[in-house]
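What the sequence shown shows, in numbering that gives the first Met the number 0, is residues 0 to 246, in sequence order.
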Amino acid sequence: MPIVNEGLQREFEWVTRPGEQKHISEALDLADEMMQEIAYQLIIGKNLEVDRLTKECLDKGYTANHILDNGLLNGMSIVGVKFRDNVIFVPEVLVAARAMKAGMAHLEPILSASGIEPIGTVIMGTVKGDLHDIGKNLCIMMLRGAGWVVHDLGVDTSPEEFADAVMEFEAQVVGMSALLTTTMPNMGRTISYFEDIGLRDEVRIMVGGAPVTREFADEMGADGYGENAVDCVETAVDLLELQKELA
Ligand code: B12
């Protein structure tokens with residue numbers, strides 16, 4: 000379906016880079032009118048509308064994954080482009096993030112409900128100096144939905160806080176998130192800290208976040224890397240197996 004929502008069409012016009020336009024328009028083409036409305040209301044920061052529409056879509060039988068991928072995340076990708084290109088600034092991004100959270104609040108119980116025996120324990124946090132938590136929170140929802148016990152350390156997490164949580168909860172896996180190129184090195188610093196205190200062999204470490212690549216993950220000595228929340232779950236499962244083999 001083409002973009003039929005006039006507001007969203009106008010917002011989409013801010014995306015001027017051809018490759019990026021193709022990427023976003025392909026995702027939007029999959030979406031229907033309701034998803035386009037959610038994306039638009041998220042971009043303009045209307046949290047009450049996003050709250051209402053998400054509820055309405057769930058009542059109509061849309062799956063939580065569909066609403067997340069086609070509605071909320073599509074909207075957030077346009078917000079990202081406008082922010083990067085200085086079309087909007089931090090306050091507008093914050094209201095969009097608040098709208099995203101309003102929608103996610105309805106999806107979380109569904110994505111996190113698994114009812115199966117816990118697979119293992121993961122400690123998740125955004126690294127020191129970094130306040131971005133939307134992606135980390137999505138990973139947490141997916142992990143919980145897949146049957147993991149997740150302890151969320153929030154944002155701005157120091158190496159000491161990661162290490163204390165691993166010991167307290169006897170976690171097998173740690174997941175670190177970073178969205179800023181300036182905070183990415185704090186993942187490596189956390190890994191070094193684990194080595195320094197003799198904790199590195201006790202736990203497998205995965206990393207992610209928009210600027211993080213597999214190469215960077217390998218270079219800093221992480222055990223795993225995930226590009227998105229689905230990858231995060233798969234990586235956690237692989238790392239748990241690895242940890243069992245090493246134990
Ligand atoms: C929302 C947002 C904000 C919000 C954050 C609100 C919140 N509660 O999170 C606010 C307004 C606070 C903000 C602030 C800033 N931001 Co900001 N922000 C964004 C924005 C638009 C969206 C990020 C987002 O939520 N994406 C959606 C989620 C779902 O995607 P994700 O985080 O990548 O997560 C997915 C994967 O990466 C992966 N993943 C994530 N974590 C993990 C962890 C593991 C273990 C695994 C396996 C996978 C995984 O799975 C997730 C789900 O699929 C991005 C632009 C962008 N396109 O990324 C800029 C962006 C990240 N911000 C940027 C900047 C510069 C800033 C500020 C410095 C701006 C300023 N001048 O103050 C501050 C820094 C504050 C700080 N100290 O952290 C830049 C970073 C540039 C750079 N090269 O470092 C970006 C890229 C914008 C840009 N293009 O310029 N920001």
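Where a beta carbon is used, it is the ideal one built from N, C-alpha and C, also for glycine.
Environment of residue i [buried if 16+ CB atoms lie within 10 Å]
{"i": "Thr-180", "result": "exposed"}
{"i": "Asp-58", "result": "exposed"}
{"i": "Arg-9", "result": "exposed"}
{"i": "Lys-243", "result": "exposed"}
{"i": "Phe-161", "result": "buried"}
{"i": "Gly-223", "result": "buried"}
{"i": "Leu-142", "result": "buried"}
{"i": "Val-89", "result": "exposed"}
Under 7 Å between C-beta atoms of residue i and residue j
{"i": "Asn-4", "j": "Gln-35", "result": "yes"}
{"i": "Gly-207", "j": "Ser-157", "result": "no"}
{"i": "Leu-238", "j": "Arg-203", "result": "yes"}
{"i": "Val-121", "j": "Val-149", "result": "yes"}
{"i": "Lys-127", "j": "Asp-155", "result": "yes"}
{"i": "Ile-133", "j": "Met-123", "result": "no"}
{"i": "Met-33", "j": "Leu-71", "result": "no"}
{"i": "Ala-101", "j": "Asn-46", "result": "yes"}
{"i": "Met-205", "j": "Thr-182", "result": "no"}
{"i": "Gly-197", "j": "Met-219", "result": "no"}
{"i": "Gly-146", "j": "Ile-118", "result": "yes"}
{"i": "Val-78", "j": "Ala-95", "result": "yes"}
{"i": "Asp-31", "j": "Met-0", "result": "yes"}
Range of the contiguous alpha helix (DSSP H) that encloses residue i
{"i": "Met-99", "result": "89-111"}
{"i": "Ile-133", "result": "133-144"}
{"i": "Met-219", "result": "213-219"}
{"i": "Met-166", "result": "158-168"}
{"i": "Val-236", "result": "228-245"}
{"i": "Arg-188", "result": "184-195"}
{"i": "Ile-37", "result": "32-42"}
beta-carbon residue i near ligand 1 non-hydrogen atom, thresh 6 Å
{"i": "Lys-243", "result": "no"}
{"i": "Arg-51", "result": "no"}
{"i": "Asp-129", "result": "yes"}
{"i": "Met-219", "result": "no"}
{"i": "Phe-82", "result": "yes"}
{"i": "Asn-64", "result": "no"}
{"i": "Leu-178", "result": "yes"}
{"i": "Lys-135", "result": "yes"}
{"i": "Met-183", "result": "no"}
{"i": "Asp-132", "result": "yes"}
{"i": "Asn-227", "result": "yes"}
{"i": "Met-186", "result": "no"}
{"i": "Met-93", "result": "The question names Met, but residue 93 in the sequence shown is Leu. Leu-93: yes, Cβ under 6 Å from ligand 1."}
{"i": "Cys-56", "result": "no"}
Enclosing beta strand (DSSP E) for residue i [first to last residue]
{"i": "Ile-23", "result": "Here Ile-23 belongs to no beta strand (DSSP E); instead the alpha helix (DSSP H) covers 17-28."}
{"i": "Ser-176", "result": "172-176"}
{"i": "Leu-77", "result": "According to the sequence as given, residue 77 is Ile; it is not Leu. From DSSP, Ile-77 is part of no beta strand (DSSP E) but of the alpha helix (DSSP H) over 72-83."}
{"i": "Val-148", "result": "148-151"}
Rounded distance between the beta-carbons of residue j and residue i, thought under 8 Å
{"i": "Asn-73", "j": "Leu-106", "result": "About 14 Å separates the two Cβ atoms, so there is no contact after all."}
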